[in-house]
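Q:
Numbering (the working numbering), first residue to last: 2 to 278.
(1) If you check the beta carbons only, do residue 141 and residue 186 fall under 8 Å apart?
(2) For residue 212, which of helix, strand or coil comes out of DSSP?
(3) Using the Cβ count rule (16 or more neighbours within 10 Å means buried), how would you classify residue 154?
(4) If contacts are defined as beta-carbon pairs under 8 Å, then residue 35 and residue 24 qualify, I think. What distance do you get, rounded to the angstrom?
(5) Nearest-angstrom Cα distance between residue 144 and residue 76?
(6) Just how far apart, CA to CA, sit residue 228 and residue 112?
(7) Going by C-alpha to C-alpha distance, which of 115, 118, 116 and 124 sits closest to residue 69?
(8) Counting only runs of 3+ residues fully inside the stretch 226-266, write out the beta strand (DSSP E) ranges in chain order.
(9) Quick one: what's got a C-beta closer than 6 Å to residue 203's C-beta in the same chain, skipping five residues either side?
(10) Are three or more beta carbon pairs between the stretch 179-194 and the stretch 205-213 nearer than 8 Å?
(11) Taking all protein chains shown into account, do 16 or more other C-beta atoms lie within 10 angstroms of the C-beta of residue 58, making it buried, or fewer, making it exposed?
(12) Does the Cβ-Cβ distance between residue 32 and residue 9 come in under 8 Å?
Encoded structure:
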C-alpha cells in the first residue's frame, strides 16, 4: 500500500471550497498534502481529489473558489427530502438495505437532467482524464446499495465517476454508467476513510464529521486506522462552520468557505505536519 494517503470527504459546494482553502493554507506552511501517494475522494472530496491530482497549482484552484459561481446551480435539501432520509435511517441499521432504499428514492426523484449535471461537473475539473497518481472515487449502486470505487483502471470516465460520487440522492440525478446507476458515495460514509487502511500516514479532511445509524462517521475510521497508521482528521472549526452556513449546496458560500478553510490551516498545521512529514 502507498505510504501516505489523503482522504477528502463530502460536504457539498462549500465542502469543496473549505477543503481547497485548507489545502492551500497548509501548503503555504510547507505541508503539501497534494503529494499524497493515494487520494480518496467522496462526493465533494472527489471533485477536490480530481482537481489537486490534475497538476493545477493550488493557488489557481483557490482563486477559482473566490472568483464566482461559474455554471453552478444553487440547490438545497427541502424538508420533504430530509424527512425521507430520516425515515429511511430509522427503518433499520442494515447499511446495504439503507442504501437500497435511498437509491430507490433517488431514482424516483425529479431532478435536473443527467446531461446538465455532467456539464456542471465537467466545468469543475481542470482535466477530463484520470491522473497518473492513485485517485479513488467512491459511489453507491442505486439499485443494489453496493459500495463502488472507481479509479483509472475501472474503465469509467473521470467526469462520470465524479458526477456519480456527487449525486446527492433527491437533489441531483443518479448517473448512468454502463447498465447501472450510481449515487453519492456519502450514502455509505462522508469519508469512506477505510480505503486508506494499510497506509502508513493518513490525513482526513472531513467537512461532515458525524455518523449516525448506518452512516459511518469519521471517528470510527480514525479508531480503525490507528491500529496500523499515523492518522489525523480535520473538520471545520467554529469560524469555518459559520462561513459554510446551513446550506452546503449554496454557491454563494463558496468564497467565505474557502477563506475560512485557509484561515483554519494555521491552527491545525502542526498536528497535520506531525503525521505527514
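For each residue, glycine too, the CB sits at the ideal point set by N, CA and C.
A: The answer reads as follows:
(1) For the 8 Å CB-CB criterion, residue 141 and residue 186 form a contact.
(2) coil
(3) exposed
(4) 7 Å
(5) 24 Å
(6) 42 Å
(7) 124
(8) 231-235
(9) 6, 197, 226, 230 and 232
(10) yes
(11) exposed
(12) no
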